[in-house]
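Enquirer: Dumping the structure here so I can ask a few things about it.
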Amino acid sequence: MGNIIGDCFERRERMRLHYSAAVEITVKSGDVIKGNLRDIAIESIYFSSDSSVLKTLEPGDDVDVDISVEVSGSCLIIRSSGYVARREEGGVAIRFVSPLKWWPVFCFFPSNESFLPAATFTECV
């Protein structure tokens, strides 16, 4: 592990931030996986889920990602496209197609540990 900077830590050459948020992953078949964000970097995320669809994902599979960030009653849905980088028991790493332009949001607004569980992911209205 690299240098620790607050809740951020440097892993390899990229900064990664531990962050709790609800995540929805839509796979090419149209199936949706609801999960919980564990950490995020400018080029990738890692999330956990108990969805049975998770086991069908293979490295290289294209996905769409929705991350629900809630701060003080406000909700922001961040959408991006990516692909499965790796799959482990109960979790998946997704690499974004292009660097996440919304990355600063995660640095400026610390994670709220009482985030919405995946089962309650909702679109902001």
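Residue numbers (our numbering): 901 to 1025.
Yeah, the Cβ is synthetic: ideal placement off N, Cα and C, and Gly gets one too.
All of these numbers come straight from a predicted model, not from anything done at the bench.
#1: Near residue 919, what residues of its chain come up, given a Cβ to Cβ distance below 7 Å and the 5 sequence neighbours on each side ignored?
#2: On a Cα-Cα basis, can you pick out the residue from 970, 924, 963, 992 that is closest to residue 1009?
#3: Run the CB neighbour count on residue 924, radius 10 Å, all protein chains shown included, and call it buried at 16 or more, exposed below.
#4: Give every residue of the same chain whose Cβ lies closer than 7 Å to the Cβ of residue 1025, excluding the five residues on either side of it in the sequence, and list them in chain order.
#5: Going by the CB atoms, is the gap between residue 958 and residue 996 shorter than 7 Å?
#6: Let me know if residue 968 comes out buried or exposed under the rule of 16 or more other beta-carbons within 10 Å of its beta-carbon.
#7: Please check the pair residue 963 and residue 984, which I expect to be a contact at CB under 8 Å, by giving their CB distance rounded to whole angstroms.
#8: Rank 929, 956, 930 by C-alpha distance to the C-alpha of residue 992 and give the top, closest one.
Expert: Taking the structure as given:
#1: 937, 939, 940, 1006, 1011
#2: 970
#3: buried
#4: Its pLDDT being 45, under 50, residue 1025 is placed unreliably in this model, and the coordinates cannot settle the point.
#5: no
#6: buried
#7: 6 Å
#8: 956
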